[in-house]
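Residue numbers (the UniProt record's numbering): 1 to 244. Ideal placement from N, C-alpha and C gives every residue a C-beta, glycine not left out.
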Amino acid sequence: MPKYTTLPTHFATFEQGYPALCLKLDYTFNDTNLLKRALTHRSYDPKMSYERLEFLGDALLGAVIAEALFDRFPRHDEGKLTRMRATLVRQETLVQIAQKLELSSHLILGVGERKGGGRHRASILADAVEAILAAVYLDSGDIERVKGLVKCWYKTLIAEVGEEKVLKDAKSRLQEWLQGNKLSLPTYTLMDTIGNAPNQTFIVKCSVAMTGCTPITETGESRRIAEQKCAERMINQLNRLKNA
């Protein structure tokens, strides 16, 4: 990785976090500026933001997911495959991937966007995931690299969408999990609202009455999104507790 002399705060953070992010991606960039751009929001630099990369990444993701579903489910018709693809490329699913990669800590944002909760804004996280795919494609010149990355990220999700598990939203799945285990329904509490409309960030806490289960707190650009993120993490926690 090239050395820098004088770096703005955000780029120093990028340089420090670069090795960890590459490890999570299982890919080392020849041109680190591509990854830097994939993480840069227009609030920091409109001319060097991830928006063009996101455009390309969106197309790449759709094509790779379509091929994976086509191969995996030979008996499904076009309508079913289309619905499955829509589920897998929707914002909520991309946010799950961004959270696993811990992208929020790597985003390069302007001061206003940072203060407004941009690091946890679903639209930004989802766009960054797609931009990273484009960055890997342009850096490697190899579509197989992109396919490998997508298949790694989506391995479990593709299996689940085939069983129609992720066609339901996280709150619905959490409710069914609790009812199936004869537990009380979860409670969602709005802890705080940061900023002014339309650029608000909502902080929500989800609690479940189960021994050993700790409350989950998440943020989102709407209360619904924050609740869905809480529910997704709560399901993961409950499954770990049950299997422990």
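- Task: Give the single residue among L53, I158, S172 and R223 whose Cα lies nearest to the Cα of V136.
- Result: Taking only the C-alpha atoms, the option nearest V136 is L53.
- Query: Is the stretch 74-90 touching the stretch 174-182 in the sense that three or more CB pairs, one from each, lie closer than 8 Å?
  - Reply: Contact annotation: the stretch 174-182 does not touch the stretch 74-90, with fewer than three C-beta pairs closer than 8 Å.
- the stretch 179-199 / the stretch 146-161 touching (three or more Cβ pairs under 8 Å): As far as the Cβ criterion goes, the stretch 179-199 does not touch the stretch 146-161, which means the pair count is below three.
- Task: Please state whether DSSP places E218 in a helix, a strand or coil.
- Result: Three-state DSSP puts E218 in a strand.
- Task: Could you name each continuous beta strand (DSSP E) segment of 3 residues or more that falls completely within the UniProt domain "DRBM" (169-240), going from the start of the chain to the end?
- Result: Those beta strand (DSSP E) runs which fall completely within the UniProt domain "DRBM" (169-240) and span 3+ residues are 187-194, 201-207 and 216-220.
- Query: Among residues of its own chain, excluding the 5 on either side of T9, which ones have a beta-carbon nearer than 8 Å to its beta-carbon?
  - Reply: The predicted position of T9 is uncertain, since its pLDDT is 42 and thus under 50; a value taken from the coordinates is nonetheless stated next. For T9, where only same-chain residues beyond five positions count, there are no Cβ hits under 8 Å.
- Just reading off the alpha helix (DSSP H) that A86 is part of, what are its end residues? For A86, the enclosing alpha helix (DSSP H) stretches over residues E78 to V89.
- Closest residue to E205 among A98, C213 and A226 (Cα-Cα distance): Rather than Glu, the amino acid found at residue 205 in this sequence is Lys. Nearest neighbour of K205 by Cα position, chosen from A98, C213 and A226, turns out to be A226.
- Query: Is T156 helix, strand or coil by DSSP?
  - Reply: In the structure shown, T156 sits in a helix (DSSP, three-state: H, G or I).
- Exposure label - D71; buried when at least 16 CB within 10 Å: D71 is exposed by the Cβ-count criterion.
- Task: Quick one: residues in its chain with C-beta nearer than 6 Å to the C-beta of M233, no 5 flanking neighbours on either side, listed in chain order?
- Result: Correcting the residue type first, residue 233 is Arg in the shown sequence and not Met. When the five nearest sequence neighbours on each side are left out, the beta carbons in the same chain lying within less than 6 Å of the beta carbon of R233 are those of I216, in order along the chain.
- Between the Cα of A131 and the Cα atoms of N243, G220, M48 and L241, which residue gives the shortest distance? Sorting N243, G220, M48 and L241 by C-alpha distance to the C-alpha of A131 places M48 at the top.
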